[in-house]
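For the sequence shown, position 106 (counting from the first letter as 1) is numbered 107 according to the working numbering, and the numbering increases by one without interruption.
These notes are about the structure you will find just below.
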Amino acid sequence: MTMRFSGLILAAGTSLSLVLPVHHGGPHGIAGNAGEAGSELTLLSSQTLRGWSEQALLQADTGPWFEYDSVSVCGGHPDRPGSDTMCLRAVVMCQSGVNGDGPAVAIFRRELERNRQPMPGAAGRWASVGFTCFPALVPGARNTLTMAMIREAFHDTDFTVPTVNIQPEGDLTLVNLPTFFEARFPESGYGPGEIDEVDPARMLGHRVEVRPVLKSITYHLGDQTLGPTTSLGGPYPNGDVRATYARPGTHEVRADIVYTGQFRVGGSDWFDIPGEVDLTGTTVTLTVAEAKSRLVTN
Numbered sequence: 002m003t004m005r006f007s008g009l010i011l012a013a014g015t016s017l018s019l020v021l022p023v024h025h026g027g028p029h030g031i032a033g034n035a036g037e038a039g040s041e042l043t044l045l046s047s048q049t050l051r052g053w054s055e056q057a058l059l060q061a062d063t064g065p066w067f068e069y070d071s072v073s074v075c076g077g078h079p080d081r082p083g084s085d086t087m088c089l090r091a092v093v094m095c096q097s098g099v100n101g102d103g104p105a106v107a108i109f110r111r112e113l114e115r116n117r118q119p120m121p122g123a124a125g126r127w128a129s130v131g132f133t134c135f136p137a138l139v140p141g142a143r144n145t146l147t148m149a150m151i152r153e154a155f156h157d158t159d160f161t162v163p164t165v166n167i168q169p170e171g172d173l174t175l176v177n178l179p180t181f182f183e184a185r186f187p188e189s190g191y192g193p194g195e196i197d198e199v200d201p202a203r204m205l206g207h208r209v210e211v212r213p214v215l216k217s218i219t220y221h222l223g224d225q226t227l228g229p230t231t232s233l234g235g236p237y238p239n240g241d242v243r244a245t246y247a248r249p250g251t252h253e254v255r256a257d258i259v260y261t262g263q264f265r266v267g268g269s270d271w272f273d274i275p276g277e278v279d280l281t282g283t284t285v286t287l288t289v290a291e292a293k294s295r296l297v298t299n
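Structure follows, in structure tokens:
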């Protein structure tokens, strides 16, 4: 049997170097082809194919010949390339990460005649085989984004790191006086909910946007730690991140942040990016002084 993936003819009986997991059927509307055995297609790698002509591969086999193609599971079809390139289903189908990060792509096939033209009738029409969460492993795959590309771009985002504002002001407090802390985000960089547009050249021409999402903040307040929490704290008297120091001295204070992320493609809905980013906050030195009272006479 000869297989063709997005313009590459693959012939059976040659040295095999790539195994592509393909899921058949399932609850997501991708139906399996009757008679398609097993749970994987064994393919030639792109490197192995270099220098081989399609005609030579066709002559190496007596048929039948099949042409395979991979497109988005979001309503994509080989006759409609580029349609519905991203949807929640494409992300959810690969969410476990066990069988690849995705996004999922659907695999279709049709039978060819010896002259590489589709067979007449139903055999020559595209039929769904299944889907895979390894879009980058399909030799000659279409202009397909991978979650690995999106995750890498997100981790390269210029994230903003919070600073800590302290009350009383002036980074000076007193023994036994409640001290209030507030996480503030500088204008430079991208903080929670702020959208960063990824260079399309890095995303195969797709318009991809990413945004950080606040997962937690941990306040290191010298001799005590508060969090992780989602609170940004606040000023006196209602701020909920506060500490009281029993002895005079100095303390290194900072707020460490953990971001998760979301992305969208071409104005689609927002989807979660697997993983998280841990960042160490900017350190501020807090001085704790002891107030002494004394009797003053006029």
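For each residue, glycine too, the CB sits at the ideal point set by N, CA and C.
What you are looking at is a predicted structure, and each value in this text was computed from that prediction instead of being measured.
Give the C-beta separation of residue i and residue j to the nearest angstrom, bearing in mind that I take them to be a contact with Cβ-Cβ under 8 Å.
i: Arg255; j: Thr284; result: 5 Å
i: Gly282; j: His252; result: Not quite, the Cβ-Cβ distance comes to about 14 Å (not below 8 Å), so this is no contact.
i: Leu113; j: Glu68; result: 5 Å
i: Asp102; j: Pro238; result: Incorrect: roughly 48 Å between the Cβ atoms, too far for contact.
i: Leu89; j: Asp270; result: 6 Å
Between which residues of its own chain and residue i is the CB-CB distance below 6 Å, once the five residues before and five after are set aside?
i: Ala292; result: Leu175
i: Thr147; result: Pro136 and Ala137
i: Ala91; result: Val74, Cys75, Pro104 and Ala105
i: Pro229; result: Ser217 and Thr219
i: Glu210; result: Ile196, Glu198 and Arg265
By Cβ distance below 8 Å, which residues in the same chain neighbour residue i in space, the five residues on each side in sequence not counted?
i: Arg208; result: Glu198, Pro201, Val266, Gly267 and Gly268
i: Tyr191; result: Thr158, Asp159, Phe160, Thr161, Asp197, Arg212 and Pro213
i: Trp127; result: Asp70, His78, Pro79, Asp80, Phe109, Arg110 and Arg111
i: Ser232; result: Ile218, Asp241 and Val242
By DSSP's criteria, residue i is part of a beta bridge. Which residues make up the other side?
i: Asn166; result: Glu183
i: Val214; result: Thr261
i: Glu198; result: Glu210
i: Pro119; result: Leu113
i: Arg255; result: His221
i: Thr286; result: Glu253
Going by beta-carbon coordinates alone, are residue i and residue j separated by less than 7 Å?
i: Thr161; j: Pro187; result: yes
i: Ala184; j: Gly234; result: yes
i: Pro119; j: Arg111; result: yes
i: Ala105; j: Met87; result: no
i: Phe132; j: Val74; result: yes
i: Gln225; j: Ala247; result: no
i: Pro193; j: Leu215; result: yes
i: Val72; j: Ala107; result: yes
i: Val259; j: Asp273; result: no
Residues in its own chain within less than 7 Å of residue i by CB, not counting five upstream and five downstream?
i: Leu227; result: Tyr220 and Val242
i: Asp172; result: Val285, Thr286, Leu287 and Thr288
i: Pro236; result: Gln168, Phe181 and Glu183
Cβ contact (3+ pairs, closer than 8 Å) linking the segment 160 to 169 and the segment 178 to 187:
Contact holds: three or more Cβ-Cβ distances are below 8 Å.
At least 3 beta-carbon pairs within less than 8 Å: the segment 262 to 274 vs the segment 150 to 158:
Yes, the segment 262 to 274 is in contact with the segment 150 to 158.
contact_flag[the segment 219 to 235, the segment 194 to 205] where n(CB pairs < 8 Å) is 3 or more
Between the segment 219 to 235 and the segment 194 to 205, the count of C-beta pairs closer than 8 Å stays below three; the two stretches do not touch.
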